[in-house]
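Take a look at the structure below.
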Amino acid sequence: MKLNQLAVVTALCFAAASTSAFAQSTIRIGVVGPLTGSGASYGKDMENGVRIAIEEANAQKITLGGKVVQFAPEYMDDQGDPRTGVQVAQRLVDEGVSAVIGHVNSGTTIPASKIYASAGIPMITPAASNTMITKQGFNTVFSVVPTDAQTAGSAGTYAVTNLKARRIAIMDDQTAFGQGAAQEFRKAVLAAHGTIVDQQYTSDKSMDFSAQLTHIKSVNADLLFFSGLGPQIAGIAKKMKLLGMTTRLMGGGGTVSEDFIQIAGASAEGVEGLDYGLPVSRMPRGPEFENKYKKTFNSNMQVYAPLGYDATWVVIKAMQEANSSNPSDYLPKLRTLSYAGVSGPIEFDKTGALKAAATTIYQVRGGKWEVQETVVSR
């Protein structure tokens with residue numbers, strides 16, 4: 051071997067040895083939500099929040115077990131469909147992810163959570179709010195979003211005590227989310243001595259609400275609470291105006307978005323909606339996070355981006371406290387973690403739900419969402 055060839059070989063060997071000595075361990079984190087279909091904007095918003103958290107964590111060169119680690123997100127589309135959600139969950143388990151951030155829809159989260167629980171993999175949802183999610187008895191399930199009992203329950207009380215509604219109608223889209231929120235809203239209305247005069251149903255795919263709204267109009271309801279996807283409530287608002295209805299319209303969690311105002315147009319005026327958590331302006335690092343989101347994605351964030359961000363950091367912080375990405379090692383830390391998130395302080399109760407959860411009620415005034423009241427449930 052010639053001298054120059056020997057030098058090249060020696061250099062290559064030294065480079066390989068150096069790379070090996072400082073090799074990064076890769077920690078795979080599943081990120082699941084609807085990236086196609088009617089809920090795609092929610093899924094993408096949550097995913098974007100996770101992306102920011104992952105980029106920040108990797109820039110910090112976090113060490114676990116004496117090694118610099120690299121967090122590698124596995125983005126999956128569950129299409130908002132329970133069957134697809136289960137398939138995606140099993141795929142992530144088979145791929146050996148250390149944690150899962152998701153899902154977004156309650157109907158996909160509930161069956162998927164069973165798959166993760168069987169594998170001992172922690173799942174933190176930043177969006178699914180059905181109360182059953184954290185009441186299944188799984189010690190691997192957590193939520194950084196208020197439950198339907200906390201959100202829709204607060205809205206039911208508000209409708210009776212603040213809005214003075216006396217004849218209330220309810221409509222839901224028959225999904226796990228829609229039914230769960232409608233049930234909690236109903237319970238709160240009755241507890242506040244309000245009256246339910248009608249209960250209607252639709253599907254999460256329908257955009258024709260003529261029959262339901264005509265019936266609600268006939269019973270002289272003074273308020274309609276709708277629990278379902280944002281695009282649907284925009285259609286309901288338009289149809290109510292066409293029918294000449296004077297009934298107030300209130301939407302469940304996820305209603306408060308720029309998309310609703312754009313789709314509903316003039317019909318959006320006066321509509322009330324619920325948002326998970328504090329207003330961005332009152333979040334501990336809300337304005338800062340919102341600015342970063344806009345610069346990164348050149349778009350306005352919706353409700354789930356801060357929650358996706360916080361869910362990701364909660365997992366990473368628990369791993370840091372345990373000095374391990376092994377679920378059996380960091381799961382106990384996750385249960386007792388206290389984290390100052392963008393969305394507010396995060397601590398879990400014994401079921402994995404938030405100990406303290408804020409719900410903010412908004413109303414569209416002058417084409418913009420304006421805060422009416424924030425309620426903290428404990």
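Quick note: the sequence shown, position 147, residue 197 per the numbering used here, numbers continuous. Note that CB positions come from ideal geometry on N, CA and C, so glycine has one too.
Can you find the residues in the same chain that come closer than 8 angstroms, C-beta to C-beta, to residue i, ignoring five residues on each side of it along the sequence?
i, result
"R217", "T245, V247, V269, N270, A271, D272, L273"
"P377", "S148, A149, G170, I171, P172, T190"
"S388", "P395, I396, E397"
"R141", "M126"
"R236", "G206, I220, I246, Q249"
"L114", "S75, I77, M369, Q370, N373, S374, S375"
"Q413", "G320, V321, E322, G323, W419, E420, Q422"
"S253", "D223, Q224"
Give me the Cα-Cα distance between residue i and residue j, rounded to the nearest whole angstrom.
i, j, result
"F310", "A318", "7 angstroms"
"G327", "E338", "16 angstroms"
"K342", "A109", "15 angstroms"
"N348", "A241", "44 angstroms"
"A139", "V425", "34 angstroms"
"K214", "T264", "23 angstroms"
"G320", "D144", "48 angstroms"
"V353", "V82", "16 angstroms"
"R298", "M96", "30 angstroms"
"F398", "S260", "42 angstroms"
"D360", "V136", "24 angstroms"
"G116", "Q370", "11 angstroms"
"Q129", "Q120", "28 angstroms"
"A66", "S277", "Any reading at A66 needs caution, since the residue's pLDDT is 40, under 50, leaving its predicted position unreliable; the model's value is listed next. Rounded to whole angstroms, A66 to S277 spans 58 angstroms at the Cα level."
"G228", "N373", "40 angstroms"
"Q186", "N212", "34 angstroms"
"G89", "S375", "31 angstroms"
"K94", "L292", "32 angstroms"
"V210", "H243", "8 angstroms"
"D222", "R335", "34 angstroms"
"I151", "S163", "11 angstroms"
"T305", "F275", "11 angstroms"
"R385", "T296", "47 angstroms"
"A107", "K344", "19 angstroms"
Residues in the same chain with beta-carbon distance under 7 angstroms from residue i, minus the five sequence neighbours each way, listed in chain order, please.
i, result
"G402", "T184, V191, F192, S193"
"D131", "T158"
"E340", "V330, M351"
"D198", "S179, N180, T181, G230, A231, E234"
"K289", "F259, S260, L263"
"V58", "For V58, the pLDDT reaches just 42, beneath the cut-off of 50, and the residue's location in the model is therefore unreliable, although a value from the coordinates is still provided. So the list is empty, once near-sequence residues are dropped."
"S91", "D309, Q352"
"I165", "V136, A139, Q140, V143"
"A167", "F188, T190, V191"
"H153", "V82, G83, D128, G135, T159, A162, T175, A178"
First and last residue of the beta strand (DSSP E) that includes residue i?
i, result
"I183", "Run containing I183: none; DSSP gives neither H nor E here."
"D325", "322–326"
"G99", "Unbroken run through G99 is the alpha helix (DSSP H), 90–109; no beta strand (DSSP E)."
"L274", "273–277"
"Q413", "407–415"
Between residue i and residue j, which are expected to be in contact by the criterion C-beta below 8 angstroms, what is the C-beta distance as a whole number of angstroms?
i, j, result
"I411", "E423", "5 angstroms"
"G301", "G323", "4 angstroms"
"T201", "G303", "5 angstroms"
"I266", "A219", "5 angstroms"
"L357", "V195", "6 angstroms"
Using a Cβ-Cβ cut-off of 6 angstroms (strictly less than) and excluding sequence neighbours within five positions of residue i, which residues of its own chain qualify?
i, result
"A284", "F310, I313, A314"
"A489", "Lying outside 51 to 428, the shown extent of the chain, residue 489 is not represented and no answer is given."
"M257", "G285"
"R101", "none"
"N98", "F347, A355"
"T134", "D128"
"D379", "A372"
When you compare each of the options to residue i by their alpha carbons, which one comes out closest?
i, options, result
"K367", "R335, V136, P382", "P382"
"L279", "V136, N155, A109, V138", "N155"
"L404", "A177, A372, T297", "A177"
"A406", "R428, Y380, T86, Y389", "R428"
"R332", "V143, A355, S393, F398", "S393"
"P281", "G358, S307, A238", "S307"
"A103", "F275, D379, W363, L292", "W363"
"I174", "N373, V365, G417", "V365"
"E124", "S163, G152, G80, G89", "G80"
"G87", "K255, D222, Q224, G391", "K255"
"S204", "G146, S375, A238", "A238"
"G417", "L384, G146, A316, K345", "A316"
"D325", "Y251, A287, T409, K400", "T409"
For the alpha helix (DSSP H) that residue i lies in, which residues bound it at each end?
i, result
"F188", "First-last for F188: undefined, no H or E at that position."
"L299", "Element bounds for L299: not the alpha helix (DSSP H) but the beta strand (DSSP E), 298–303."
"I311", "308–314"
"R385", "377–386"
"P161", "156–169"
"E234", "226–241"
"L357", "354–372"
"S349", "Run containing S349: none; DSSP gives neither H nor E here."
Considering only heavy atoms of the ligand COA, does any lie closer than 7 angstroms to the CB of residue i?
i, result
"Q224", "With respect to the ligand COA, the structure offers nothing, as it holds no ligand at all."
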